[in-house]
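With our numbering applied, the sequence shown corresponds to residues 37 to 257, in that order.
Glycine included, each C-beta is placed from N, C-alpha and C at the ideal position.
These numbers come from a predicted model, not from an experiment.
Notes for the one structure printed next.
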Amino acid sequence: MGSSNDSQVRLIVFGRQGAGKGTQASRLAQNHGIPHISTGDMLREAVREGTDFGKRAKEYMDAGQLLPDDVMLGLVSERLSRPDTSRGWLLDGFPRTAGQAEDLQGLVADGGITLAINLEVPEDVVVDRISSRRVCESCGTIYSVGDPSADSGKCAKCGGTVVQRDDDTEDAVRARLATYNEQTAPLLGWFEAQGLLANVDGVGSPDEVATRVGAAVDERL
Ligand code: AMP
37 MGSSNDSQVR
47 LIVFGRQGAG
57 KGTQASRLAQ
67 NHGIPHISTG
77 DMLREAVREG
87 TDFGKRAKEY
97 MDAGQLLPDD
107 VMLGLVSERL
117 SRPDTSRGWL
127 LDGFPRTAGQ
137 AEDLQGLVAD
147 GGITLAINLE
157 VPEDVVVDRI
167 SSRRVCESCG
177 TIYSVGDPSA
187 DSGKCAKCGG
197 TVVQRDDDTE
207 DAVRARLATY
217 NEQTAPLLGW
227 FEAQGLLANV
237 DGVGSPDEVA
247 TRVGAAVDER
257 L
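Encoded structure:
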């Protein structure tokens, strides 16, 4: 299978905030029967639980800044060692810095990465998308203003409360986009140089984009 020398499917989804990363990552993981591991979702869960770690994480997140690499490595390495990753995994939101990419390389030394998918969406499109984004506090489902669940504030899937993320405010969004351009975008070249990158046009309906993403992964498997 592709560049992996074992039977695991190991996928990474890249894209600036609002590129549809969460939505596409969740569908793709489901289609391949592997867990969707979103570091942002893991951190938001810690914030909801109100642990000391969650409180510290919230300060970084609200400022649109990245948590330190060593903290993220601890979180991700523990998650990747759980039994539900036996068939592989999909990472969403990690790696985000050169240090994290090196850490990940160490973690997957036994089989490598199957494919990194880069969802390409222009910056003006993502700013619009983020400002209308709403999320269920309980199950993480993403909605957009205009969806009944976003407008009523009640999740159609689980009945949880649908809110705007604290870090989806305009200032935090600008900070996050700048962080992405400075720290995360350069990683794409690193994956490309290893023949592991698929650039996918992320503009269009979720179904249209999912078809493109699926084709890119199938080509590799
Ligand atoms: P996301 O939902 O992926 O946009 O992540 C939300 C926030 O969580 C980011 O703005 C960071 O503050 C933090 N975060 C998520 N993933 C990482 C990571 N790999 N490294 C550092 N901070 C992260």
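Any heavy atom of the ligand AMP closer than 7 angstroms to the beta-carbon of residue i?
i    : result
T205 : no
G124 : no
G142 : no
L79  : yes
F227 : no
Y96  : yes
G100 : yes
R165 : no
G76  : yes
G240 : no
G129 : yes
L103 : yes
Q136 : yes
Q53  : yes
R210 : no
Rounded to the nearest angstrom, how far is the Cβ of residue i from that of residue j, given a contact under 8 angstroms?
i    : j    : result
I153 : A234 : 5 angstroms
L126 : I70  : 6 angstroms
S74  : A93  : The Cβ separation is near 14 angstroms, so there is no contact.
D105 : G147 : At roughly 22 angstroms, the Cβ-Cβ gap does not stay under 8 angstroms, so D105 and G147 are not in contact.
To the nearest angstrom, how far is the alpha carbon of residue i from that of residue j?
i    : j    : result
R52  : R46  : 20 angstroms
L268 : G189 : The first residue shown for the chain is 37 and the last is 257, placing residue 268 beyond what the model contains.
E156 : D237 : 5 angstroms
T197 : S185 : 9 angstroms
G58  : D128 : 7 angstroms
R256 : V107 : 32 angstroms
L224 : G86  : 34 angstroms
C175 : L64  : 18 angstroms
H72  : P119 : 14 angstroms
G76  : R212 : 12 angstroms
S117 : L151 : 20 angstroms
E244 : C191 : 24 angstroms
S241 : D98  : 29 angstroms
N41  : Q219 : Because N41 carries a pLDDT of 40, less than 50, the predicted location of this residue cannot be relied on, and no value is offered for it.
K91  : C172 : 20 angstroms
Y96  : R201 : 14 angstroms
G182 : R170 : 10 angstroms
F50  : E159 : 14 angstroms
C322 : A82  : The structure shown does not extend to residue 322, since the chain is modelled only from 37 to 257, so the question has no answer here.
Does the Cβ-Cβ distance between residue i and residue j come in under 8 angstroms?
i    : j    : result
I48  : I149 : yes
A252 : G100 : no
S180 : S168 : yes
R115 : M78  : yes
L102 : T205 : no
A145 : W226 : no
V162 : G54  : yes
L109 : D88  : no
Problem - beta strand (DSSP E) runs contained entirely in the stretch 209–257, provided each spans 3 or more residues - result: 233–237
Handout entry: Completely contained alpha helix (DSSP H) runs for the stretch 86–138, where each covers 4 or more residues
Key = 88–98, 105–116
Problem - Sequence ranges, beta strand (DSSP E) only - wholly within the stretch 50–86, length at least 3 - result: 72–74
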